[in-house]
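Sequence lines, in order, name chains A and B. Sequential numbering of the first sequence, starting at 58, is according to my numbering. Sequential numbering of the second sequence, starting at 58, is according to my numbering.
Protein chains: 2
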Amino acid sequence: MKVRALVASLAIIGSAAGAGFANAEDLAKPIQPPKQIDLGMAELGKKLYFDPRLSKSGFISCNSCHNLSMGGTDNIPTSIGDKWQQGPINAPTVLNSSLNVAQFWDGRAADLKEQAGGPIANPGEMGFTHQLAVGVLETIPEYVREFKVVFGKDKIDIDQVTAAIAEFEKTLVTPNSRFDQWLLGKKDALASDELAGWNLFKESGCVACHNGEALGGTSFQKMGLVEPYKTTAAAKGRADVTGKDADRMMFKVPTLRNVEMTYPYFHDGAYWTLKEAVDVMGRLQLGKKFTDKENAQIVAFLKTLTGEQPKFDLPILPPSGDKTPRPKPFAK
Amino acid sequence: MKVRALVASLAIIGSAAGAGFANAEDLAKPIQPPKQIDLGMAELGKKLYFDPRLSKSGFISCNSCHNLSMGGTDNIPTSIGDKWQQGPINAPTVLNSSLNVAQFWDGRAADLKEQAGGPIANPGEMGFTHQLAVGVLETIPEYVREFKVVFGKDKIDIDQVTAAIAEFEKTLVTPNSRFDQWLLGKKDALASDELAGWNLFKESGCVACHNGEALGGTSFQKMGLVEPYKTTAAAKGRADVTGKDADRMMFKVPTLRNVEMTYPYFHDGAYWTLKEAVDVMGRLQLGKKFTDKENAQIVAFLKTLTGEQPKFDLPILPPSGDKTPRPKPFAK
C-alpha cells in the first residue's frame, strides 16, 4: 500500500513537471533504432563532436566529458573543464539522450540542439564563445565545403553547428540489450536472478520514475523524497531554472540504460557502485531498505540494460588552414 | 656545390648518430602495410591506448596527446598534462612511429614499448605510476580475461600493458599517400607543382635527413645547423640523454608523413604553417632562402604525404569493477 501511495504521489509530481507518467503497458519499452536521420548532417556532427577546436584550449571536445568509449560519460564525479576547472555536476550520458524530456540535470535546455551550444560557451567547460568557434570552423577548408553540402548556405553559423551535433547525438541510441531482447519475447534472455530483479524493480516502485524507452529521462523528480539527500554539491536542480523554492532538488530522472558503464552515480557523482546506488535510491526515494539479496537481484537486472554501443569509425578531422585562429591552452 | 657539401656533412653527422644515410635509391620509400601483427594484442592495446584510467585523473589517455583523429598529435605547441600542466615539448605523431630509429624527440626510449611506459608515470603527463595503473587494470574483469587470453599469464604486469600498446601502435601506419602512389608508378598521382616540389626537396638537400619510409625518423640532427634556432624551450635534445655538450640541439628528425595534419611544427611547436616551417628549415638547415614559388611547390609536395589514416571502430572500454581504485582528478 505504502509503495502504491508513493507511486501515486510521484505521478502527481511527474504531471506537475509536465512530463506525466506512462500507462502500465508502457512502463518499459525496447529502445528503437533511430529514425529520420540526416546522414550527411550526422556525419558532420560526428566530426564536430570529436573536435577539440570548438574549445578555447584546443584540447576539450564534446567527447572529452561524454566519452563514447565509456558509456557516453567521463566516469569521474564532476567533469574537468578548461584549465582543469572542476565542474559543478556529474556529466550525464549522451547515450539515448534524444529520449529525454529535456537536457541537462535541471532541464534548462529544451533539446539536444540547445544543449550542444552550452558547454562550448561555458567558461568552466570548453571556455570558448559561439562566435570564436564558428570563426575557427570557417577557416578550415574541408569544413566549409561540408557545411555547404549539408546546409546549402554560404556561411557557417552556430545554429548549423549545434544542429549537426544534435543530429549525430540522435544516432547514439543503444538498442538490443538483453532486457530489450526479453521484452521482445526472447524469454531466455534474462537469467532468473535478473528477472527477479526486474520484478523487484517494478514492484518496489523504481519504475514509477525510471520508465519509458530509456528507463528514465521522462520526468523531473525530487532527489531525497522520503529522506533528504546529503551532498556537498551546490546544484539545486529545477530551482536553478525556475527560481522556485518548490523546485529545489528536483532533477531530471537519469536513464538507466547502460548504467553499468555510467558510474559514478547521481548528480554529484558521489556513489561509484550500483550496489550503493540501489541502496540509496531504495531508502531515499522509496523508504525501503533492500536486503542484500534483493539489492543483488536489482543490480543483476540493471546490468542487462547495457545495449549495443554506437559503432563507427573514429572520425578523422580536417586539418586547420593557414589562417585558422590558434588554440590558447595556456593563455592567462 | 654548397648543398652537396652540406649533404656530405649531414651524412657524417648521421653516421655519428649511428643511423647512417640511405643509398640514393632508398631516399624515399612507400609506406608498407604493417606485418607480423598479433591482432589480439593489438586489439587489447587499442583499448589501453584510449583508456584514461591509465592516468591519475582518469581523464588523460595516450589518445589525448597523440590523437588519432588529428594526425596522431594534439595540434597544440606543447601538451596538456595532469592538472593542466604545460609540457616541455611538442607531442610527436604516433603515426608511422614504428619506423623511427628511437622514440621521443631525444631518442631516450629505444622502441615503442619502452616509450609507452613513459607518459603513464610522468608526473607532468598522466601523473600515475606503473604499479597503480596495473592495480586499476587487474580489478576490471573484462581486462583480466583479455590479458589472460593474449599473454597466457595469471597476472597483469606493466610489460604486458606497454607491449600491447606498442603492438597497436605498430598498426598505425599510413600507406597509400599520393606520393606513394607516384613512387609505385602511378605517374599522374602528382600534379606538376607537387612534382616540382619533390625535385626541389631532393635537390635542395631536405631528403638528406627526411628520407626512408617515413621521410624522417631515421637519424638525429642538429636543429639550427647553418643558423642557430631561436627558441624559449628548454629541451636540449640528445644532450639531455647523453649529457654531452656536442649533442646539444640534436633532435630526432621528425617524419614528414601526414605533415599537413601534425602542426604546429618543430620540437617547440613554434610554427603553425608549412610555409613557415619550410622557410625555417631552408634557412637554418640548408642555408637556403626558398623563393615564394619554391616554397609553395615544396608545401604542395608535402601535402601529398598524407596517407590513409588508421581506420577502426572507436573502442568500447570495459567498465570498472566495484573494487577498481577511483581516479583522482582533483586531489591535491
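The beta carbon of each residue, even a glycine, is placed where N, CA and C say it ideally should be.
Expressed to the nearest angstrom, what Euclidean distance is found between the alpha-carbon atoms of residue i and residue j?
i	j	result
B/N268	B/Q217	33 Å
B/T135	B/L359	23 Å
A/A99	A/K205	14 Å
B/R340	B/N352	12 Å
B/G242	B/K104	37 Å
B/K210	B/T186	22 Å
A/V207	A/A223	14 Å
A/L272	A/V158	12 Å
B/Q366	A/K309	41 Å
B/N80	B/E317	With a pLDDT of 49 at B/N80, under the threshold of 50, the predicted position of this residue should be treated as unreliable, though the coordinate-derived value follows. Rounded to whole angstroms, B/N80 to B/E317 spans 27 Å at the Cα level.
B/D250	B/V356	10 Å
B/G364	A/T289	51 Å
B/T228	A/T228	29 Å
B/I177	B/L189	10 Å
B/A265	B/P321	22 Å
A/I213	A/G97	15 Å
B/G300	B/L313	28 Å
A/L152	A/L343	27 Å
B/Q354	B/P149	25 Å
A/D237	B/V230	40 Å
B/L247	B/D336	22 Å
A/A303	A/F347	29 Å
B/Q143	B/D325	12 Å
A/F369	B/K368	10 Å
A/V193	A/V201	10 Å
A/S121	A/M306	27 Å
A/L125	A/I373	15 Å
Using the DSSP secondary-structure output, state which residues sit across from residue i in a beta bridge.
i	result
A/L85	Per the sequence presented here, residue 85 of chain A reads as Ala, with Leu not at that position. For A/A85, which the question treats as bridged, DSSP gives the partners A/G269.
A/F323	According to DSSP, A/F323 bridges with nothing at all.
A/G294	A/M307
B/Y106	Beta-bridge pairing links B/Y106 to no other residue.
B/A166	B/Q160
A/I137	A/Q143
B/K279	B/M307
A/D370	B/D370
B/N153	Bridge partners of B/N153: none, in fact.
A/R130	Looking at the sequence provided, one finds Thr at residue 130 of chain A rather than Arg. Per DSSP, A/N124.
Hey, is residue i's beta-carbon within less than 8 Å of any beta-carbon in chain B?
i	result
A/I222	no
A/T289	no
A/E226	no
A/E251	no
A/A79	For A/A79, the predicted structure reports a pLDDT of 43, less than 50, and the residue's modelled location is therefore unreliable. The matter cannot be settled from this model.
A/G294	no
A/Q217	no
A/D245	no
A/P376	yes
A/W329	yes
A/Q354	no
A/G254	no
A/K368	yes
Flag residue i as yes if its beta-carbon sits less than 8 Å from any beta-carbon of chain C, otherwise no.
i	result
A/L371	Annotation note: the requested chain C is absent from the structure, which comprises protein chains A and B.
Do we get a CB-CB distance below 8 Å when we pair residue i with the residues of chain A?
i	result
B/R235	no
B/E43	Residue coverage of chain B in this structure runs from 58 to 389, which leaves residue 43 of chain B outside it and unanswerable.
B/P384	yes
B/M127	yes
B/T275	no
B/E82	With a pLDDT of only 48 at B/E82, under 50, the local geometry of the prediction cannot be trusted, and the value read off the model is given with reservation. No, B/E82 does not count as interfacial toward chain A.
B/G269	no
B/G326	no
B/Y320	yes
B/F387	yes
B/F116	yes
Taking only heavy atoms of the ligand FAD into account, decide whether any of them is closer than 7 Å to the Cβ of residue i.
i	result
A/G175	Among the ligands in the structure shown, none appear at all, so the ligand FAD cannot be discussed.
Got a sec: which bits of the stretch 153 to 164 of chain A sit with their beta carbon under 7 Å from any beta carbon on chain B, in order along the chain?
-> none
Is the number of C-beta pairs between the stretch 126 to 146 of chain B and the stretch 248 to 261 of chain B that are closer than 8 Å three or more?
-> no
Mind the definition here: the stretch 180 to 194 of chain B touches the stretch 123 to 135 of chain B only if three or more C-beta pairs lie below 8 Å; say whether that holds.
-> no
Quick one, which residues of the stretch 137 to 149 of chain A are near chain B if we go by CB-CB under 8 Å, in chain order?
-> I137, K140, W141 and Q143
Three or more beta-carbon pairs under 8 Å between the stretch 153 to 167 of chain B and the stretch 292 to 299 of chain B, yes or no?
-> yes
Give the residues from the stretch 171 to 201 of chain B that approach chain A closer than 9 Å (Cβ to any Cβ), ordered along the chain.
-> none
State whether the stretch 115 to 123 of chain B contacts the stretch 116 to 133 of chain A, with contact taken as three or more CB pairs (one from each stretch) at a distance under 8 Å.
-> yes
Indicate whether the contact test is met: 3 or more Cβ pairs, each with one atom in the stretch 193 to 201 of chain A and one in the stretch 376 to 388 of chain A, closer than 8 Å.
-> yes
Taking a Cβ distance cut-off of 7 Å, strictly less, list which residues of the stretch 87 to 112 of chain B are near chain A, in chain order.
-> F107
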